[in-house]
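Residue numbers (this note's numbering): 7 to 371. Think of the CB as a built atom: it goes at the ideal place given N, C-alpha and C, for glycine as much as any other residue. Remember, predicted model here, so these are calculated numbers, not experimental data. Data block below; observations after.
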Ligand code: FE
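Structure, rendered in structure tokens:
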């Protein structure tokens, strides 16, 4: 009798145990977020670039040739006259974010201006453009620092006309969470219920600029068909996806598997931590790149070189264009032709301020 009772007990326990544990084998419903896994973490490698400028490159080098749709990612710095005098681009879009100081830009269509701290510029090279990007020199010699990202154009849009779009820092909605310990500038995408819907590039890109104080955490929902990377601008020991620590100048590349990226910045740290989280729709196409020319075939690259040299097929303006800023940016240029004085900027800000959009909604993934 005791044996039967024991056997019955074991049977009952087994059934109960099975029903409890079998849940672990059930995949989560479609709409539930899952953490992206980390593919690799690479440091930005410092190198000379342009004329007298330095960059830390973490995409577009031997270790990470490209990360679709991204072709290059540079953390650049220049404190003198060193910059990027006139040079061509073809077949990609460039996104520049100034994190410190100011850079002037000018292209052969006559477009020109000054980007200052917090501003962005989205440039579509399309069928071909030629431009100059030169630092504004500060009397105290302080550096001009920023990020430049190259995004591949979808094959069917490679031959579009070149265009520029500037995004001034006051146009970017900022979300504050956790009593101001977490700040997110939503440059493109959606975070904590705040969304910027502007179509800034042809290839869909999400771009978030985070600043964290010790003892804060973040949770960012991301689309499935996008590649994402996270680059740390300053600070150390950010714990990503619950178990990986990353620090300044490291770039974290994620696998395209989950739909959520989370991070904890330990209470024990002293300084602020700053990073950008950037994603782009993965393009299923060939990348053939030679310097600033990007195409899907070698023939198109060869054609681009010939067209550039002979100033034809989109490069005709080279025959008459003389770059104003290529040999350095003066105060007269900033106040005059570049329309980039601090006074002009303040007027522009005041005009825009009524459209300012801000909101705080607690929304975790
Ligand atoms: Fe350029």
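Query: Pocket of the ligand FE defined by Cβ to heavy atom distance under 7 Å; Result: 90, 93, 95, 100, 137, 139, 298
Query: Residue 333 in three-state terms, based on DSSP; Result: coil
Query: Residue 60 versus residue 83 - alpha carbon distance; Result: 6 Å
Query: Cβ contact check for the stretch 89 to 101 and the stretch 326 to 339: 3 or more pairs under 8 Å; Result: yes
Query: Own chain residues within Cβ distance below 8 Å of residue 358, not counting five before or after; Result: 174, 176, 177
Query: Sub-9 Å separation of residue 191 and residue 180 beta-carbons; Result: yes
Query: Reduced DSSP secondary structure (H/G/I, E/B, other) of residue 59; Result: strand
Query: For residue 274 and residue 127, the rounded distance between their alpha carbons; Result: 36 Å
Query: Through-space distance from residue 286 to residue 212, alpha-carbon basis; Result: 6 Å
Query: Beta-bridge pairing of residue 144 - partner residues as DSSP gives them; Result: In the DSSP output, where bridge partners are listed per residue, residue 144 has none listed.
Query: Span separating the alpha-carbon of residue 133 from that of residue 320; Result: 7 Å
Query: Limits of the unbroken beta strand (DSSP E) element including residue 110; Result: 108 to 113
Query: Contacts around residue 97, its chain only, beta-carbon distance under 7 Å, and the 5 residues preceding and following it disregarded; Result: 131, 159, 164, 299, 300, 301
Query: Limits of the beta strand (DSSP E) - the one that residue 295 falls within; Result: 294 to 296
Query: Option in 248, 143, 138 with minimal Cα separation from residue 106; Result: 143
Query: Start-end ranges of the beta strand (DSSP E) lying completely within the stretch 268 to 328, minimum 3 residues; Result: 279 to 287, 294 to 296, 299 to 301
Query: Nearest residue (CA-CA) to residue 222, options 63, 279, 193; Result: 279
Query: Bridge-paired residues (DSSP) for residue 54; Result: 60
Query: Residue 306 to residue 294 span [Cα, whole Å]; Result: 9 Å
Query: Length of the line joining the Cα atoms of residue 251 and residue 297; Result: 34 Å
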